[in-house]
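Participant: This is the structure I want to talk about, given as structure tokens.
Number of protein chains: 4
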Amino acid sequence: PRAREAGVIVGILPTGPLNAITDVAGVAVGHVTIIRGDDVRTGVTAILPHTGNIFREKVPGAVFVGNGFGKLTGSTQVAELGEIETPIILTSTLSVPRAADAVLDYVLSLPGNEDVQSVNPLVAETNDGLLNDIRGRYIAREDVLTAIRNARGGPVEEGAVGAGTGTVAFGFKGGIGTASRRLPPNLGGYTVGVLVQTNFGGVLTINGAPVGLELGQHYLRDELRKGAARRTDSSASAAMADDPADGSVIIVIATDAPVDARNLRRLAARAMMGLARTGAAGTNGSGDYAIAFSTAPEVRINMDRARAARYAPLPTKLLSNEAMSPLFLAVIEATEEAIYNSLFRATTMTGRGRTVEALPIERTLEILRRHDALGKRDAR
Amino acid sequence: PRAREAGVIVGILPTGPLNAITDVAGVAVGHVTIIRGDDVRTGVTAILPHTGNIFREKVPGAVFVGNGFGKLTGSTQVAELGEIETPIILTSTLSVPRAADAVLDYVLSLPGNEDVQSVNPLVAETNDGLLNDIRGRYIAREDVLTAIRNARGGPVEEGAVGAGTGTVAFGFKGGIGTASRRLPPNLGGYTVGVLVQTNFGGVLTINGAPVGLELGQHYLRDELRKGAARRTDSSASAAMADDPADGSVIIVIATDAPVDARNLRRLAARAMMGLARTGAAGTNGSGDYAIAFSTAPEVRINMDRARAARYAPLPTKLLSNEAMSPLFLAVIEATEEAIYNSLFRATTMTGRGRTVEALPIERTLEILRRHDALGKRDAR
Amino acid sequence: PRAREAGVIVGILPTGPLNAITDVAGVAVGHVTIIRGDDVRTGVTAILPHTGNIFREKVPGAVFVGNGFGKLTGSTQVAELGEIETPIILTSTLSVPRAADAVLDYVLSLPGNEDVQSVNPLVAETNDGLLNDIRGRYIAREDVLTAIRNARGGPVEEGAVGAGTGTVAFGFKGGIGTASRRLPPNLGGYTVGVLVQTNFGGVLTINGAPVGLELGQHYLRDELRKGAARRTDSSASAAMADDPADGSVIIVIATDAPVDARNLRRLAARAMMGLARTGAAGTNGSGDYAIAFSTAPEVRINMDRARAARYAPLPTKLLSNEAMSPLFLAVIEATEEAIYNSLFRATTMTGRGRTVEALPIERTLEILRRHDALGKRDAR
Amino acid sequence: PRAREAGVIVGILPTGPLNAITDVAGVAVGHVTIIRGDDVRTGVTAILPHTGNIFREKVPGAVFVGNGFGKLTGSTQVAELGEIETPIILTSTLSVPRAADAVLDYVLSLPGNEDVQSVNPLVAETNDGLLNDIRGRYIAREDVLTAIRNARGGPVEEGAVGAGTGTVAFGFKGGIGTASRRLPPNLGGYTVGVLVQTNFGGVLTINGAPVGLELGQHYLRDELRKGAARRTDSSASAAMADDPADGSVIIVIATDAPVDARNLRRLAARAMMGLARTGAAGTNGSGDYAIAFSTAPEVRINMDRARAARYAPLPTKLLSNEAMSPLFLAVIEATEEAIYNSLFRATTMTGRGRTVEALPIERTLEILRRHDALGKRDAR
């Protein structure tokens, strides 16, 4: 089940109808899941701010770097120009270059882009090397193009799919998760949608309940045991710990609120707060990034209009700084819930001779019940 | 009681002996609390990385800006040079300049500083204007000097003292809190201490339990009520909501780990994750800053030694990036616990005709019990 | 003479009518020059983006840190919110806190600000300690208020006035300089004005001519002399070299182009390129900052309008990224010329028993003539 | 000739013996130049901090973003960890992904890297689309591997080679240039080497002489002509102006000074000052990046040593902040001279039916002579 279906009600704001990033109108998501033989467990996830020609109709965007041990490509241009001009691609660490090259194929071949000579692919990644033969770089050009072509609105597949196929979170099978918040009209009525690719560690809490501790699966468990002279664990978690590239999380945030790049960066920064609420430990080796964009028509950057205007200003409409606060909370809540969804929807996966178990839902719910962490939480 | 005395065991790492920033050897803290008449509720807190001449024996340091709606002074030089050269002062927003001027008095008058012509005071602030006649700027030069002179190791006074005298957190009385973590020898044996000045909003959770919700006191409570056409609340919380400068939190982090400015900045960034775990909403108006420094002798910047060396390199010793991870978790946990301590230790305060209640400890513990959030949390 | 009057034609863009920051309509500048006895040589310069209530009618703004060895206060809030809400004050390093406190006095006392509890003074500085008894902190509250009150449009006094009273640039008397550029209509017709406070070192070039070298006055002159076992110079330049706080430059940029904070930051970054063209050496001890703001009515942040709009977006008009390029060049050129003006207009100053000579204009012009660096430069 | 051979003596510091980045011991440079048919004019340049296994023996490094309109990949990890772990590759904009993928091939296949699962390729770029069929992405995997294999110390080929094969600077043929500075012993004796890939615009000055103006070739020339209602120019410069991706410059800085990542970033920032001195206009469309690293053995990050140390600090030696100043000037001067070398050594190139002329050396020297800009510049 999704977390909410199982009774995990995160935060105080209402969700959108799908409780997914696609509640932000126009946003499309596509996955390609690659499972082959014993050792290939990887994939691609594409998030499209809109389904038109994104290069010609750019969206304001921002990248926030929570911890930069990662290979995300495209960040400096997004920071400088405040624009996103390609689909956002998530994939396996060592496949970033090939995915970026495929994005070039996609953009260069779009009608209207015949003269384009400069494109900034925005590709983020996470290390699925525990379950996947990552050095094999199995993501092919066609996989990326298919993920983009597959992208659509509506419900989003979660769990061990797309870029989340081979990932591990809190020692359990992680993957793709999504969630959304829709502000009531008196707070602006805007929607915020989040999609995550989870592959990090920590001490899992769910709605505050100490799930990781009670399941005996968490960061530094072995090191903190009495008399722990040295780690002797040979489990998957130990294998991870030996790998300096011990994961990462990519958080993609969409909103229909008319917000510029500066405030989108602030929005993205809040995603780290949602991440923190799940018990993430923020380790050195985790590449933690948030990418935010606005789909509001009034903030789009239409290249033809910009060129035509030349040195004349273009009209736009923007929320004030003060109006951002409820959106900030929406990001925090949706990020937290999206991470839970990535765990709740993931299934046990075996690869490279290792098995990473899915979060044991029944035992987890039992823990949540013991901590009165299920159901609507309200004033008593 | 402090949170831990009441049974709130945050995280998985052991505390230092005092569970305070002063567990980091050499760190000293001093408060001056100013309560006068009906309207003056303010103060100063000084944190000294060491009790020598900090200007001549600088410590590596970093400032992380979680949300820059604040008047912290001194950040650009700390970022550029990676050094802290004065006591760190916390105080009331509009008193930052006078406090900074007093820091100049202090540094300029220290023996050995007779020729000093340039000093970078590091003064952070929070807005205590709800309970305090902030426009009156009642912090005097002598108050700052007294706080510095008062500074000592040992137990740290918490709650409505020093810079926390007039602050409000989660709608309850906030203030000063502190906590620490001491890593076991197999993780390096280093100590991390945190001191916070709390004055922000959100939806309070304590060890994951939904305290704010169950007490009916949280951010957006009124706006989210059914049929909430407009806010009609006239409580303190409403007064705050009308004030765009709606608070802030300053988090000061000390460690004896030999860490350079770059890794101290990363350490400081993790403080925001501890903040997030308490339910902070990250609102626009909250100035959220973390300041980190190392007291390790091998990373000190001794001006005379640096001058003597001129163009020759100076020996130092530094932890690797990978060795940072347990320290990151220590910051997260100590920050979370320090915030709880600021609430648990604060007492009801009246000022400017308004009363901000202390967190109701009994009801809070009841909620924590219901959510099984007290006592040692461990595998079951 | 001003540089241009002496034949120094910098760059290719036309100036505004005054060749001053005040060519940007509404911008006002005020100086207070403090010369007392033998040892006090300091002052204050105030730049007002407009002469209304800046707190209630904020302007978009940005601070770019070229080298952060400086005590500029207010930068984190400007970066976060993209707004400037006070006059910009330039003064002596150790007087920043008192100047900031005076700015609070000013803002808090303005009609309409009776309820204001949070103000972000933007005060930048430079170290005038070579000629001025800087430790005496002679800038009084009233001096700052007078500089603000004195501020007006029209011609701007340059040289050893205001915050430039005691400064030294390239070993000569520096001070305040200003210049402007007005883009032709086919490039948008916007005006860019720059005001500088110069107090840094390097190897002075003027319009490319090696003035510092030929006058035998430049950074590292003594160290580079053959057989230079150690520096034995006892001149002012040597005194400076011994001071780790060896100066700084503050560059204030105004434009009437409708530009948001992100593009203002980019504009500010280009000021460092103008600085570089004068031969600045970018030394460790020089605090080099640029502050940029836009006066365009369509980008103002009116607090009352923002509050009234609450969660609805506000209309604005903005230049595209591509339209910025001519403005970038305008900043580079105006900064370079403003620095020359600060030197050309400064007069020899004695303080603390030291004399810093003005740039010897006749010898300088001779050098410029020899290098064919005077008069209109154009295709041949 | 190289600029210095032609009499252009930049700055006041002495050069290294080769006046090249390879004056920094151990640094190696390799080019692959790709010229095919009428439309392929591109290439690859590889810079190796040392010729060992860079992944296992990382060097401290930093990336400074002067203007982020560029596709440089790898920057966030360098910023976070302060390390460079691969050869630095320069190439054509749209070939960055394929070049990055080839770097992965290289690193993954090195002996000792059999278990590596995460690599951060550092690939920078510039747009050679004016002369090169950039959309064809003609850089093959083997080209990148060959450039790395070709890399060696000693003299560096300059001009229209490697990544500079198809680039244009100031309207003339640009390309690869290099230069160095060696500080005298009393300033530390360190060497700084710079290599540039030039592809940007502005108003060229050489040693301060207005070469671009006098040759009638510069940014905004047509727009600024009297009565310029609109641009009607159909030259290469016009073609460029129509392309929003109008170039960039990549500046790679090597030093043997023992400097950490923070001070390397400061070093890199100064490269923009050297760039500015050549008349660069800092336009929106120019992606201007500087990458700096130190080769000093005492600051290397040896993975095996770091792993072995685990939570114990590792000894290192570092220059103080104050010791950086002469290195800063060295970067400024070497960058300026490297850019001149890129122009002086480039040859006229035809591609895609367009011809970009080399800088006319004779006319240029004539201009330099008229401005007395040749030969040793010294006090008179």
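Protein chains in written order, with this note's numbering: chain S, 376 to 755; chain R, 376 to 755; chain E, 376 to 755; chain P, 376 to 755.
We treat Cβ as the ideally placed atom computed from N, Cα and C, and that holds for glycine.
Bear in mind that the values here come from a model prediction, so they are computed numbers and not experimental data.
1. When you compare the CB of E/Y594 with every CB in chain S, is at least one pair closer than 8 Å?
2. Residues in the segment 688-703 of chain P with C-beta within 7 Å of chain R's C-beta atoms, listed in sequence order?
3. Sorted by chain position, which residues of the same chain lie with C-beta nearer than 7 Å to P/A698's C-beta, five sequence neighbours on each side aside?
4. Can you confirm whether R/D747, when its beta carbon is compared against all beta carbons of chain S, has any partner nearer than 8 Å?
5. Kindly give me the distance between the Cβ atoms of E/V402 and E/G537, rounded to whole angstroms, as I take these residues to be in contact under 8 Å.
6. Would you check if the segment 500-519 of chain P and the segment 382-393 of chain P touch, i.e. whether three or more CB-CB distances between them fall below 8 Å?
7. Let's test the definition: count the other Cβ atoms within 10 Å of the Cβ of E/I714 and tell me whether it reaches 16, buried, or not, exposed.
8. Would you grab the beta carbon distance between R/Q592 and R/G546 for me? Rounded to a whole angstrom, and I think it's under 8 Å.
9. By the DSSP assignment, the alpha helix (DSSP H) with R/D679 in it spans what residues?
10. For S/V440, which residues in chain P fall below 8 Å Cβ to Cβ?
11. The alpha helix (DSSP H) spanning R/Y594 covers which residue range?
12. Pull the bridge partners of P/F439 from the DSSP assignment, please.
13. Could you give the C-beta distance for R/G583 and S/G576, rounded to a whole number, given that I count them as a contact under 8 Å?
14. Under 8 Å between C-beta atoms, does S/Q572 make it to chain P?
15. So R/A522 packs on R/H406, CB below 8 Å; how close in whole Å?
16. Could you work out which residue in P/R556, P/V578 and P/R431 is closest to P/V482 when comparing CA atoms only?
17. Just to check my reading of the structure: E/D413 and P/R745 have Cβ atoms closer than 8 Å, yes? What is that Cβ distance to the nearest angstrom?
18. Check the Cβ-Cβ distances between S/P633 and every residue of chain R, and say whether any is below 8 Å.
19. For S/S609, is the classification buried or exposed, using 16 other Cβ atoms within 10 angstroms of its Cβ as the cut-off for buried?
20. P/A476 touches chain S at which residues, Cβ-Cβ below 8 Å?
21. Which bits of chain S does E/R685 rub up against, with CB to CB less than 7 Å?
22. Quick one: what's P/V404 bridged to in DSSP?
23. By the DSSP assignment, the beta strand (DSSP E) with R/T566 in it spans what residues?
24. Taking E/R645 as the query, report the chain P residues whose CB atoms sit under 8 Å from its CB, ordered along the chain.
25. Run through DSSP, which three-state label would R/P472 get?
26. With which residues is R/R675 paired in a DSSP beta bridge?
27. Inspect the beta-carbon positions of E/A705 and E/L506 and report whether they are closer than 8 Å.
28. Tell me the start and end of each unbroken beta strand (DSSP E) in the segment 701-730 of chain P that is at least 3 residues and wholly inside, in chain order.
29. Starting from E/G552 and walking both ways along the beta strand (DSSP E), at which residues does that stretch end?
30. Buried or exposed for S/K548, going by 16 or more other Cβ atoms inside 10 Å?
31. What first and last residue would you give for the beta strand (DSSP E) that runs through S/V627?
32. Should S/L562 be flagged as near chain R, meaning a C-beta pair shorter than 8 Å?
33. Please tell me whether R/K446 has its Cβ less than 8 Å away from any Cβ of chain E.
34. For R/R605, does the count of other Cβ atoms within 10 angstroms reach 16, so buried, or fall short, so exposed?
35. Go ahead and label S/R752 buried or exposed: buried means 16 or more other beta carbons lie within 10 angstroms of its beta carbon, across all protein chains shown.
36. Is it the case that the segment 686-696 of chain R contacts the segment 442-459 of chain R, given that we only count it when at least three CB pairs across the two stretches are under 8 Å?
Facilitator: Looking at the coordinates:
1. Translated into positions along the third sequence, residue 594 of chain E becomes position 219. No, E/Y594 lies away from the interface with chain S (no Cβ there is under 8 Å from its Cβ).
2. P688, L689, P690, T691, K692, L693, L694, S695, N696, E697 and A698
3. Numbered from its first residue, the fourth sequence carries residue 698 of chain P at position 323. These residues qualify, in order along the chain: G563.
4. Looking up residue 747 of chain R in the second sequence gives position 372. Closer than 8 Å to some Cβ of chain S, the Cβ of R/D747 qualifies, so yes.
5. By one-based count along the third sequence, residue 402 of chain E stands at place 27. By one-based count along the third sequence, residue 537 of chain E stands at place 162. 15 Å between Cβ atoms; not a contact.
6. no
7. Within the third sequence, the letter at position 339 stands for residue 714 of chain E. Buried, because 16 or more other Cβ atoms sit within 10 Å of the Cβ of E/I714.
8. For the purposes of this step, residue 592 of chain R is taken as residue 217 along the second sequence, with counting starting at 1. For the purposes of this step, residue 546 of chain R is taken as residue 171 along the second sequence, with counting starting at 1. The pair is a contact, with the Cβ atoms about 4 Å apart (cut-off 8 Å).
9. As a working note, residue 679 of chain R is residue 304 in the second sequence. It spans M678 to A684 - the alpha helix (DSSP H) in which R/D679 sits, taken as one unbroken run.
10. Residue 440 of chain S sits at position 65 when you count from the first residue of the first sequence. Within chain P, the residues near S/V440 are T451, A454 and E455.
11. Translated into the one-based positions of the second sequence, residue 594 of chain R becomes position 219. Element bounds for R/Y594: n/a, residue is neither H nor E.
12. Counted from its first residue, the fourth sequence places residue 439 of chain P at position 64. P/A665, per the DSSP bridge assignment.
13. Against the second sequence, residue 583 of chain R aligns to sequence position 208. Against the first sequence, residue 576 of chain S aligns to sequence position 201. Contact flag wrong, Cβ pair sits at about 18 Å.
14. Position 197 of the first sequence, counted from the first residue, corresponds to residue 572 of chain S. It does not; no Cβ of chain P falls within 8 Å.
15. The count along the second sequence starts at 1 and reaches residue 522 of chain R at position 147. The count along the second sequence starts at 1 and reaches residue 406 of chain R at position 31. Yes, R/A522 and R/H406 are in contact; Cβ-Cβ is about 6 Å, under 8 Å.
16. Stepping through the fourth sequence from its first residue, residue 482 of chain P is reached at position 107. Out of P/R556, P/V578 and P/R431, P/R431 has the C-alpha closest to the C-alpha of P/V482.
17. As a working note, residue 413 of chain E is residue 38 in the third sequence. As a working note, residue 745 of chain P is residue 370 in the fourth sequence. That belief does not hold up - the Cβ atoms of E/D413 and P/R745 are roughly 48 Å apart, past 8 Å.
18. Position 258 of the first sequence, counted from the start, is the residue given in the question as residue 633 of chain S. With 8 Å as the cut-off, S/P633 does not count as an interface residue toward chain R.
19. Within the first sequence, the letter at position 234 stands for residue 609 of chain S. Its pLDDT being 41, under 50, S/S609 is placed unreliably in this model, and the value from its coordinates should be taken loosely. Exposed, since its Cβ has fewer than 16 Cβ neighbours within 10 Å.
20. Here residue 476 of chain P refers to the residue found at position 101 of the fourth sequence. Residue identity differs from the one stated: residue 476 of chain P is Asp in this sequence, not Ala. Chain S residues near P/D476: P472, R473, D476 and R512.
21. In the third sequence, counting from the first residue as 1, residue 685 of chain E sits at position 310. Correct list: A698.
22. As a position in the fourth sequence, residue 404 of chain P is number 29, starting the count at 1. BP columns for P/V404 point to P/I422 and P/R527.
23. Along the second sequence, read from residue 1 onward, the residue named residue 566 of chain R stands at position 191. Residues T566 to N574.
24. Here residue 645 of chain E refers to the residue found at position 270 of the third sequence. By Cβ distance, chain P contributes G657.
25. Locating residue 472 of chain R in the second sequence gives position 97, counting from the first residue. It is helical.
26. The residue given as residue 675 of chain R occupies position 300 in the second sequence. Bridge partners of R/R675: none, in fact.
27. Here the question's residue 705 of chain E lines up with position 330 in the third sequence. Here the question's residue 506 of chain E lines up with position 131 in the third sequence. No; because the gap between Cβ atoms is not below 8 Å, this pair is not in contact.
28. 724-726
29. Numbered from 1 along the third sequence, position 177 holds the residue referred to as residue 552 of chain E. E/G552 -> beta strand (DSSP E) spans I551 to R557.
30. Taking the first residue of the first sequence as 1, we reach residue 548 of chain S at position 173. Per the 10 Å Cβ criterion, buried.
31. Here residue 627 of chain S is taken as the residue at index 252 of the first sequence, counted from 1. It spans S623 to T630 - the beta strand (DSSP E) in which S/V627 sits, taken as one unbroken run.
32. In the first sequence, residue 562 of chain S corresponds to position 187, counting from 1. Taking Cβ atoms only, chain R reaches closer than 8 Å to S/L562, which makes this a yes.
33. For this step, residue 446 of chain R is matched to residue 71 along the second sequence. So, interface residue.
34. Locating residue 605 of chain R in the second sequence gives position 230, where the first residue counts as 1. With a pLDDT of 48 at R/R605, under the threshold of 50, the modelled position of this residue cannot be trusted; read the value that follows with caution. R/R605 is exposed by the Cβ-count criterion.
35. Residue 752 of chain S sits at position 377 when you count from the first residue of the first sequence. Buried, since its Cβ has 16 or more Cβ neighbours within 10 Å.
36. no
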